[in-house]
Amino acid sequence: MADDRAAATASGTATPPDGQWPLWEVFLQPPRGAPFEHAGSVHAVDAESALQNARDVYARRGEAVNIWVVPTTAITASTPDDVGPFFDPGNDKPYRHPQFYSVPRGVRVY
Amino acid sequence: MPDSPDAVSAFEARIAAGETIEPKDWMPDRYRKQLIRMMSQHAHSEIVGMLPEGNWITRAPTLRRKMGLLAKVQDEAGHGLYIYCGTETLGIDRAELVDQLLAGKAKYSSIFNYPTLTWADIGAIGWFVDGAAIVNQTMLAKASYGPYARAMVRICKEENFHKRQGYEIMATLSAGTPEQKRMAQDAVNRWWWPSLMMFGPSDKDSPNSAELTRWGVKRKGNDELRQRFVNLTVAQAVAIDLVLPDPELRHDAESGNWHFGPIDWEEFTRVVHGDGPLNRERLAARQHAHREGEWVREAAAAYAAKRGAKVDAAASSAAA
Chain A
1 MADDRAAATA SGTATPPDGQ WPLWEVFLQP PRGAPFEHAG SVHAVDAESA LQNARDVYAR
61 RGEAVNIWVV PTTAITASTP DDVGPFFDPG NDKPYRHPQF YSVPRGVRVY
Chain B
111 MPDSPDAVSA FEARIAAGET IEPKDWMPDR YRKQLIRMMS QHAHSEIVGM LPEGNWITRA
171 PTLRRKMGLL AKVQDEAGHG LYIYCGTETL GIDRAELVDQ LLAGKAKYSS IFNYPTLTWA
231 DIGAIGWFVD GAAIVNQTML AKASYGPYAR AMVRICKEEN FHKRQGYEIM ATLSAGTPEQ
291 KRMAQDAVNR WWWPSLMMFG PSDKDSPNSA ELTRWGVKRK GNDELRQRFV NLTVAQAVAI
351 DLVLPDPELR HDAESGNWHF GPIDWEEFTR VVHGDGPLNR ERLAARQHAH REGEWVREAA
411 AAYAAKRGAK VDAAASSAAA
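Quick look at the structure:
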């Protein structure tokens, strides 16, 4: 159903059958070079108004210097069910961490 | 399909370990339902909460007060949207939530069914109602459901301004002419008890409390939060020379708490069930506002359709 909503807007019929505008996920970049972070979502007819709604809803006090809005349906996410196997390759490699390696006593490495 | 006991105990173990539950995680059907109920009521309260204050924007006594109140009311709209957005992650549509409110099927905080008779009421709302909301929402910022907790963090950051603008209004009136002071005291007299009711029935009479506590949605009981609010507020009232309307109010040295008198739960029940001073007016105002916005929604949709058509045309001519 969500896919139908996005498709309906893309082809120019902006009022989807369930009377609800498409959903957009909002990401904000805080000032001073911090990375973008998910803030929430907004409903809007198109990308331009999604951006304006996102500003009014999530950035009333200088919280952001940049905003991304992304159609919710365009996001592909990992699923909780395979959280174990999916992230496993990263968990069993201690040699990726500096503590794995020994240095002579008293030497300052970093 | 009933939830399997194994799945429920694994879920409760996650809660006990302090893990956050996210939208795609498995959760008991009842947890989902309780959250939809609680979060949507909370969102509706933010939206309806704009009405008693919006009523005074055009009559604010100075430009400074008017700017402050406008910004506060705009925040309340934002807070409603944060929580609607969180509620949607549980699998219910925004349109359905809005329909429930407009159809009068949804509950919202009873406090907003009381009238704002004078400018001092705007001060009392900021001081008491937002003050009580902060106590409650600070607790909910640690709720087990991630999207709810994150919405609360965002709200708490903004709400201190609401409380301070209200308290400043009350302090100013209290230090003003005798008539202004009387107005402030009258607002305190009318808003104090309904504000204490905002925390909900005593835990022993609250049908949802035990379950919500077990699942980490609520980290503290209604009575504990109410007591915390009273303890915080007494000194604030003394500082601006206003009297909380409770003859039983006294400090209990042993517990360190301010003891307060009994709450009129019959009044609470009456207002919750639709018989408050302004239940019908609030709903009618909300329905009116929604109807008045229809042309804006139509215009936005027509504009998007027109632009979509242009984009399509450009794409097909580029392809050709």
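Chains as they are written, first to last, in the working numbering: chain A, 1 to 110; chain B, 111 to 430.
By construction, the Cβ of each residue, glycine as well, lies at the ideal position given by its N, Cα and C atoms.
Neighbour list for residue i in chain B, Cβ cutoff strictly below 8 Å
{"i": "A/Thr79", "result": "Lys134"}
Contact with chain B by residue i, beta-carbon distance below 8 Å
{"i": "A/Gln20", "result": "yes"}
{"i": "A/Ser49", "result": "yes"}
{"i": "A/Asp82", "result": "no"}
{"i": "A/Ser41", "result": "yes"}
{"i": "A/Ala6", "result": "Bear in mind that a pLDDT of 42 at A/Ala6, under 50, signals an unreliable position, so the model cannot answer this."}
{"i": "A/Asp3", "result": "Since pLDDT at A/Asp3 reaches only 41, below the 50 mark, its modelled position is unreliable, and no value is offered."}
Proximal chain B residues relative to residue i, where beta-carbon distance stays under 9 Å
{"i": "A/Arg96", "result": "What A/Arg96 touches in chain B: nothing, since even the nearest Cβ is about 25 Å away."}
Contact with chain A by residue i, beta-carbon distance below 8 Å
{"i": "B/Cys107", "result": "One cannot answer for residue 107 of chain B here, as it falls past the ends of chain B, which runs 111 to 430."}
{"i": "B/Arg380", "result": "no"}
{"i": "B/Leu191", "result": "yes"}
{"i": "B/Ala424", "result": "no"}
{"i": "B/Ala253", "result": "no"}
{"i": "B/Ala243", "result": "no"}
{"i": "B/Ala126", "result": "no"}
{"i": "B/Ala216", "result": "no"}
Chain E residues whose Cβ lies nearer than 7 Å to that of residue i
{"i": "B/Arg417", "result": "In summary, chain E is missing from the structure at hand, where the protein chains are A and B."}
Nearest-angstrom beta carbon gap, residue j and residue i [assumed within contact, 8 Å]
{"i": "B/Ser219", "j": "B/Gly326", "result": "Wrong, their Cβ atoms sit about 22 Å apart, outside the cutoff."}
{"i": "A/Arg60", "j": "B/Gly276", "result": "That belief does not hold up - the Cβ atoms of A/Arg60 and B/Gly276 are roughly 19 Å apart, past 8 Å."}
{"i": "B/Pro257", "j": "B/Pro133", "result": "6 Å"}
{"i": "B/Val183", "j": "B/Gly164", "result": "5 Å"}
{"i": "B/Ala252", "j": "B/Ala259", "result": "The residue asked about is misnamed: residue 252 of chain B is Lys in this sequence, not Ala. Rounded, the Cβ-Cβ distance is 6 Å, consistent with contact."}
{"i": "B/Asp139", "j": "B/Asp113", "result": "6 Å"}
{"i": "B/Leu161", "j": "B/Ala395", "result": "5 Å"}
{"i": "B/Leu335", "j": "B/Asn270", "result": "Not really, about 17 Å apart at Cβ, beyond 8 Å."}
{"i": "B/Arg417", "j": "A/Asp46", "result": "7 Å"}
{"i": "B/Arg204", "j": "A/Gln20", "result": "6 Å"}
{"i": "B/Ile279", "j": "B/Ile232", "result": "6 Å"}
Where residue i meets chain A, residues with beta-carbon distance less than 7 Å
{"i": "B/Gly188", "result": "Val57 and Arg60"}
Are there three or more Cβ pairs, one per stretch, closer than 8 Å when the segment 290 to 304 of chain B is compared with the segment 351 to 358 of chain B? yes
With three or more C-beta pairs closer than 8 Å as the rule, is the segment 235 to 249 of chain B touching the segment 300 to 320 of chain B? yes
Listed in chain order, which residues of the segment 202 to 213 of chain B have Cβ atoms closer than 8 Å to some Cβ of chain A? Legend: CB atoms of the segment 202 to 213 of chain B lying less than 8 Å from CB atoms of chain A belong to residues Asp203, Arg204 and Ala205.
Contact between the segment 150 to 157 of chain B and the segment 180 to 198 of chain B: three or more CB pairs below 8 Å? yes
Closer than 7 Å, Cβ to any Cβ of chain B: which residues of the segment 54 to 66 of chain A, in chain order? Val57 and Arg60
Positions along the segment 393 to 411 of chain B whose CB lies within less than 8 Å of some CB in chain A: Ala410 and Ala411
For the segment 68 to 76 of chain A against the segment 35 to 51 of chain A, are there 3 or more C-beta pairs whose distance is under 8 Å? yes
At a cut of 8 Å, does the segment 135 to 150 of chain B reach the segment 198 to 214 of chain B through at least three beta carbon pairs? Result yes; three or more Cβ-Cβ pairs closer than 8 Å.
Check whether the segment 23 to 31 of chain A touches the segment 46 to 65 of chain A, counting contact only when three or more Cβ pairs, one atom from each stretch, lie closer than 8 Å. yes
Are the segment 163 to 181 of chain B and the segment 231 to 240 of chain B in contact at 8 Å, needing three or more beta carbon pairs? yes
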